[in-house]
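Student: Got a structure here, written out as structure tokens. Questions coming.
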Amino acid sequence: MAELSVGLPMHVASHMSGGRDLWSEPLPERPDDPEAAVWRALGEVLDPELPVSVTDLGLIYGVRVDGGRVEVRLTFTATACPCMEFIEEDVRDRLLAEPWITAVEIEQVWDPPWTSARISPAGRRALRGAGVSA
Amino acid sequence: MNARDFSPEVREALQRLILSLADTKRMLGIRYSDWLLGAPSIESGIATASMSQDEWGHARLLYAMLKDFGVDPVEVEHSRPPAEYCSASCLDEPFADWAAVVAGVVVVDGTLSLALERFATGAYDAARRRIPKMLAEEAFHRDFGQAWMRRISEGSEEGRQLLAAAVESMLPDVVTCLLPGDDEAELLAGAGVTGQPGDARARLGRRLAEPLAALGMVPAADPPLPGDWIASRRRPAGEPAGDAVERARGDRNRALFVE
Numbered sequence: 637m638a639e640l641s642v643g644l645p646m647h648v649a650s651h652m653s654g655g656r657d658l659w660s661e662p663l664p665e666r667p668d669d670p671e672a673a674v675w676r677a678l679g680e681v682l683d684p685e686l687p688v689s690v691t692d693l694g695l696i697y698g699v700r701v702d703g704g705r706v707e708v709r710l711t712f713t714a715t716a717c718p719c720m721e722f723i724e725e726d727v728r729d730r731l732l733a734e735p736w737i738t739a740v741e742i743e744q745v746w747d748p749p750w751t752s753a754r755i756s757p758a759g760r761r762a763l764r765g766a767g768v769s770a
Numbered sequence: 245m246n247a248r249d250f251s252p253e254v255r256e257a258l259q260r261l262i263l264s265l266a267d268t269k270r271m272l273g274i275r276y277s278d279w280l281l282g283a284p285s286i287e288s289g290i291a292t293a294s295m296s297q298d299e300w301g302h303a304r305l306l307y308a309m310l311k312d313f314g315v316d317p318v319e320v321e322h323s324r325p326p327a328e329y330c331s332a333s334c335l336d337e338p339f340a341d342w343a344a345v346v347a348g349v350v351v352v353d354g355t356l357s358l359a360l361e362r363f364a365t366g367a368y369d370a371a372r373r374r375i376p377k378m379l380a381e382e383a384f385h386r387d388f389g390q391a392w393m394r395r396i397s398e399g400s401e402e403g404r405q406l407l408a409a410a411v412e413s414m415l416p417d418v419v420t421c422l423l424p425g426d427d428e429a430e431l432l433a434g435a436g437v438t439g440q441p442g443d444a445r446a447r448l449g450r451r452l453a454e455p456l457a458a459l460g461m462v463p464a465a466d467p468p469l470p471g472d473w474i475a476s477r478r479r480p481a482g483e484p485a486g487d488a489v490e491r492a493r494g495d496r497n498r499a500l501f502v503e
């Protein structure tokens with residue numbers, strides 16, 4: 637599911653919060669590369685307003701895994717983004733869906749400031765597909 | 245540097261600086277929102293909604309810095325009486341008309357941004373990490389304010405007079421409150437938290453020179469501290485109107501509080 641956010645069809649604009657209806661099945665056991673698994677899982681969490689994942693939007697500044705505890709460094713497109721709580725809840729719910737993840741700590745970060753330059757090529761394609769220029 | 249790395253005197257002054265910036269942003273957001281409807285055009289009014297959103301986002305990030313000083317930001321945001329607010333006094337009452345809103349964007353928001361720039365380039369790490377995002381968002385406010393200022397300056401004499409009067413009433417107050425030249429400002433500059441207040445005032449004067457010249461005005465050079473200056477609140481005596489503080493605190497929504 638790593639490519640989930642690439643070329644998302646238009647209909648995902650009507651997805652459930654965070655794209656949770658599109659989330660893949662949790663892994664049955666702890667993966668060999670937990671950090672990569674966390675990034676893949678975060679790649680399935682969609683922005684509440686746009687059909688693009690939080691990873692492709694460039695909102696994830698870092699991930700750290702310590703046993704079953706995951707730390708996520710997360711930024712937002714705006715300091716008063718009205719979707720902050722939704723995004724944090726979606727990130728937390730997606731990660732905690734994995735049985736090997738027992739705790740999620742989210743740190744809000746603002747350095748460096750987010751700009752549209754952080755959107756990945758895949759994110760730009762997805763946004764263009766939804767009629768949003770980036 | 246973190247809060248604990250400064251001397252107790254600098255820590256106290258730093259805390260008051262944060263509160264002054266945060267409270268002014270919070271009240272500015274309220275004053276923009278007063279004009280969400282009723283502006284000269286629908287689009288211009290709606291723009292104040294975006295600017296209100298930014299101001300409150302910035303205020304929240306600034307209040308959160310108080311945690312470094314052992315202060316609960318939720319308590320500060322939702323429990324203080326108006327008499328404890330440290331916002332610039334020109335925001336105590338609503339902007340009287342759209343000319344005052346434009347003056348608020350150019351003069352109050354512009355001075356706030358300059359004060360934040362000084363803070364973001366100083367020694368306090370939390371300011372260095374959080375303020376650049378605020379300044380990026382403020383670029384749109386600056387463009388909006390300057391475009392409106394040009395429009396009014398090139399319009400009717402009555403409009404120019406309204407705008408000039410609004411600028412004249414706000415500028416000395418906002419320079420005094422946000423770029424004070426008192427002992428505390430010197431203390432913060434000496435600790436590397438901000439630059440020298442005199443330099444900032446000179447820079448503000450240069451920034452405002454062109455838009456004010458179009459109104460036949462020159463920036464107030466160096467307003468003195470008023471006789472009723474309250475050092476602990478970094479503002480003259482007085483307080484924001486009670487209804488604005490009730491909105492800011494969310495008094496009527498206590499039962500729905502989610503933070």
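Sequence lines, in order, name chains A and B. For the first sequence, the working numbering begins at 637 and goes up steadily by one. For the second sequence, the working numbering begins at 245 and goes up steadily by one. Even glycine gets a Cβ: it sits at the ideal position worked out from N, Cα and C.
1. Would you say Ile737/A and Arg700/A are within 9 angstroms of each other, going by their C-beta atoms?
2. Rounded to whole angstroms, what's the CA-CA distance from Ala615/A to Lys269/B? Just pull it up for me.
3. Compute the Euclidean distance between the alpha carbons of Gly748/A and Arg373/B, then round it to the nearest angstrom.
4. Check the C-beta distance from Cys421/B over to Ser294/B and give it rounded, since I have them as a contact under 8 angstroms.
5. For Asp747/A, return the contacting residues in chain B, with the cut-off set at a CB-CB distance below 9 angstroms.
6. Between Arg304/B and chain E, is there a C-beta pair that is closer than 9 angstroms?
7. Would DSSP call Gly425/B helix, strand or coil?
8. Considering only residues of the same chain and omitting the five flanking positions on each side of Ser650/A, which have a CB-CB separation below 6 angstroms?
9. Opposite Pro480/B in the DSSP bridges: which residues?
10. Would you decide whether Leu710/A is buried or exposed? Buried here means 16 or more other CB atoms lie within 10 Å of its CB.
11. Could I get the ranges of all uninterrupted alpha helix (DSSP H) runs contained in the segment 386-469 of chain B, with 4 residues as the minimum, in chain order?
12. If you measure from the beta carbon of Asp192/B to each beta carbon in chain A, is any gap under 9 angstroms?
13. Per the DSSP calculation, Asp702/A is bridged to which residue(s)?
14. So is Arg712/A buried or exposed if we call it buried at 16+ other beta carbons inside 10 Å?
15. Compile a chain-ordered list of the residues in the segment 703-722 of chain A whose CB is closer than 7 angstroms to at least one CB of chain B.
16. Pull the bridge partners of Ser264/B from the DSSP assignment, please.
17. Alpha carbon to alpha carbon, how far is Glu734/A from Gly425/B?
18. Could you check which residue in Gly679/A, Ile696/A, Trp750/A, Asp669/A has the C-alpha nearest to that of Ala762/A?
19. Go through the segment 248-310 of chain B residue by residue and report every complete run of the alpha helix (DSSP H) that reaches 4 residues or more, in order.
20. Anyone know if the C-beta pair for Leu306/B and Ile262/B falls short of 9 angstroms?
21. Whose Cβ in chain A lies nearer than 7 angstroms to the Cβ of Gly289/B?
Tutor: On the basis of the data shown:
1. no
2. One cannot answer for residue 615/A here, as it falls past the ends of chain A, which runs 637 to 770.
3. Going by the sequence as given, residue 748/A is Pro instead of Gly. In this structure, the alpha-carbon of Pro748/A lies about 7 angstroms from that of Arg373/B.
4. The Cβ separation is near 25 angstroms, so there is no contact.
5. Those are Arg372, Arg373, Arg374, Pro376, Lys377, listed as they occur along chain B.
6. Checking the listed chains, one finds no chain E in this structure; the protein chains it contains are A and B.
7. Gly425/B falls in the coil class under three-state DSSP.
8. Only weak support exists for where Ser650/A lies, its pLDDT of 49 falling under 50; the coordinates are left without a value.
9. For Pro480/B, the beta-bridge partners assigned by DSSP are Trp473/B.
10. buried
11. 401-422, 427-434, 441-457
12. What is shown of chain B runs 245 to 503, which leaves residue 192/B out entirely.
13. Asp702/A is bridged to Arg705/A.
14. The question names Arg, yet the displayed sequence has Phe at residue 712/A. Looking at its Cβ environment, which holds 16 or more other Cβ atoms inside 10 Å, Phe712/A is buried.
15. Taken in chain order, the members of the segment 703-722 of chain A whose beta-carbon sits within less than 7 angstroms of a beta-carbon on chain B are Ala714, Thr715, Ala716.
16. According to DSSP, Ser264/B bridges with nothing at all.
17. Each residue's alpha carbon lies about 57 angstroms from the other.
18. Looking at the Cα atoms, Gly679/A is the closest of the given residues.
19. 252-277, 286-309
20. Yes, they are a contact pair.
21. Under a criterion of Cβ atoms nearer than 7 angstroms, no residue of chain A is adjacent to Gly289/B; the nearest Cβ is some 18 angstroms distant.
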